[in-house]
Structure formats: structure tokens, C-alpha cells
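One structure below.
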Amino acid sequence: MAKKTFKHRFFTRFKNSKFLADLFYLTGSEIKPEKWVFIVGCYNSGTTLLTEILSKSNELDVLPDEGVMLTDVLPRPEDFGWRRMWYKCESEMKISNAEINSVLKRMKRHWSHFTNNKKKIIVEKSISNSARMEFFSKNLDNVYFIHLIRDGYAVTEGIQRKAKPMEEVKNEFGSNYDISLAVNQWKRSLEVINNAKSNISNLIEVKYEDLTSSPKTQIDRITSFLGISPIKEENLSGAFEVHGNKKKISNQNEKSYSRLSESDWQLINKLAEKELIQYGYFKLTK
Numbered sequence: 039m040a041k042k043t044f045k046h047r048f049f050t051r052f053k054n055s056k057f058l059a060d061l062f063y064l065t066g067s068e069i070k071p072e073k074w075v076f077i078v079g080c081y082n083s084g085t086t087l088l089t090e091i092l093s094k095s096n097e098l099d100v101l102p103d104e105g106v107m108l109t110d111v112l113p114r115p116e117d118f119g120w121r122r123m124w125y126k127c128e129s130e131m132k133i134s135n136a137e138i139n140s141v142l143k144r145m146k147r148h149w150s151h152f153t154n155n156k157k158k159i160i161v162e163k164s165i166s167n168s169a170r171m172e173f174f175s176k177n178l179d180n181v182y183f184i185h186l187i188r189d190g191y192a193v194t195e196g197i198q199r200k201a202k203p204m205e206e207v208k209n210e211f212g213s214n215y216d217i218s219l220a221v222n223q224w225k226r227s228l229e230v231i232n233n234a235k236s237n238i239s240n241l242i243e244v245k246y247e248d249l250t251s252s253p254k255t256q257i258d259r260i261t262s263f264l265g266i267s268p269i270k271e272e273n274l275s276g277a278f279e280v281h282g283n284k285k286k287i288s289n290q291n292e293k294s295y296s297r298l299s300e301s302d303w304q305l306i307n308k309l310a311e312k313e314l315i316q317y318g319y320f321k322l323t324k
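Under the working numbering, the final residue of the sequence shown carries the number 324; numbering is consecutive throughout.
Printed below as a string of C-alpha cells:
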């Protein structure tokens, strides 16, 4: 993604200021791209890596941050005290029918400050927008979704390690979420996206494990799906910055496995056996 500009940093820091959000709304424009592309999936599934890879295409206008950070009308779980845990406040994040038009207009005007008018396809990645797929599909034109799926053991470990409870729930959970919450978030992400599929015309699914083992093949699938030119293989061989760390494309699952205890593994199996089997990830023991 593009480096953060002063405008970007300023807005994300003060977007909860009504004055600033209103100013950006009034000075923005109602963008009308040829296609809207939303990258969806669970936390720690490789969506940031995929976003960075797609930013190598000169045909895609990749937003410089999560779309929910570039407007004040798309609620985040963190707004309700749940870091990386949107399934715990799913109902609070919903957009009512009465709000649809105003939310879309304000979102587009806010996002217009961070888009390139010369590019016709906008790409957005916010994990919490996985719960809004039908909302976007019904209310925007030419919407495409890329669903990234990753091994549930690795995802669960990553969520628990990175998602430190916020002050609002710290008394209940202490310094770390229980692993059951993390695995339930992975399950709910899959369930919500699967439920939305029947009402969505344009959706492609990519496994993290396939993306990291055969990046060119999987990125070619995605660019073909979007109707754009392939990304050159030389642009996939370098290091990509993901959450402050620069690394070449590689499968990080084994590192996550090593941080799980056998009891963690068995609890994940107990809670998510169906989904693990469905996606070919189930392993009886660590």
C-alpha cells in the first residue's frame, strides 16, 4: 500500500472529531469506480499480505488503510471494546435500513480523499467488513469479493497472541483472551461469509497456504477474476511489509503451531472440528 500521507495520518487520528469528519465529507466527492473490490476473511488470515501484493498492480487503487479507518460511519469492534473480535459485537456493527443512503454517501466522500481518480478499481480490506458483505453487494455497483481462508489452528493462535483485551473487557479476560474466543471468531467469520455467498455474484476464495506456496498461480487467479493484467512474477519475489515486518512470501503456520500447547490444540478441535474438516485442516494431534 502507499505510504501514509499527512492527510491520512491526520484523519485516522482525529476521525472521531465530528468537525473534522464533517469537513472531509463536505470537501470530498462521491466516487464511482468501475469495480469495488473487498478483501475479506478472518483476522490473521493473510489479508494484509494479499493487500500489499495487489498494490503492485497499476490498475488497482488500493486504499492506504482499512476502509473502516478512513470514515466514521463503518463501526469497528474496537469501538465497542472488542479488539480483533467482531463476532462479540456483530449486532452493534450492523447498519440499519434507514442509514444506508447516508452511510454510503459519507463513506464514499471520506474515501475519495484517499483514492486515485485515474484508477477505476478500488480495493478495500477491513476484517470487520466481512460481516457487511451483503450490505455492500446490495448497495454498490459491480462489487467483487476475495475471501482469504487460513488454517484455523494458526489463525486462532495469532488472534490470541495479538488481540490484547481492551480496558472495557480487561476485568473479565485479563491480559489475554481465552483461546475459545479466538477459535469462535474464526468459525463465525467462515459462517457469515458462507451465508452471504448465495446472494453474491462475484466471489473468489483463496487459501493462505496456496497463496504462500504458489503466489504467482493464486495472484493470476485473482487478477483474471478482476479482469486486469497479471502482476509480474518479479513483483512477487521481494519482501512485503506486514504489520511492521518485512518478509518474503512464506507460510508462517508452523510458527503458530509451535506456540500452541497440546491442550490448546485439543480445545480447537473440540470447538471447530466441523470447520477444520470442511476446509481440510483437521489434525487429531499437534
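We put the CB at the ideal spot given by N, CA and C, even for glycine.
query	result
Under 8 Å, with one C-beta from each stretch per pair, do the region 246 to 263 and the region 162 to 181 reach the 3-pair mark?	no
From the DSSP output, which residues share a beta bridge with residue 79?	186
Note down the Cα distance separating residue 92 from residue 100, rounded to an integer number of angstroms.	8 Å
For residue 115, which of 127, 223, 322 and 239 has the nearest alpha-carbon?	127
In the DSSP output, what is residue 277 paired with across the bridge?	286
Grouping DSSP H, G and I as helix and E and B as strand, with all else coil, what is residue 101?	coil
For a test of the three-state rule: what should DSSP assign to residue 111, helix, strand or coil?	coil
Would you identify the three-state DSSP class for residue 163, choosing helix, strand or coil?	strand
Tell me the DSSP bridge mates of residue 133?	Bridge partners of residue 133: none, in fact.
Would you call the CB atoms of residue 244 and residue 224 closer than 8 Å?	no
Check whether the region 65 to 75 and the region 166 to 182 are in contact - that is, three or more C-beta pairs closer than 8 Å.	yes
Which same chain residues, not among the five before or five after residue 305, have their C-beta less than 7 Å away from its C-beta?	217 and 218
Measure the alpha-carbon distance for residue 328 versus residue 55 and round it to whole angstroms.	No statement about residue 328 is possible, as the shown extent of the chain runs from 39 to 324 and does not include it.
Extract the residue ranges of the alpha helix (DSSP H) inside the region 180 to 262, only unbroken runs of 4 or more that lie entirely within it.	190 to 200, 205 to 211, 217 to 235 and 246 to 251
Compare the Cα-Cα distances from residue 49 to each of 86, 151 and 122 and report the closest residue.	151
Use the C-beta contact count for residue 189: other C-beta atoms within 10 angstroms, 16 or more gives buried, fewer gives exposed.	buried
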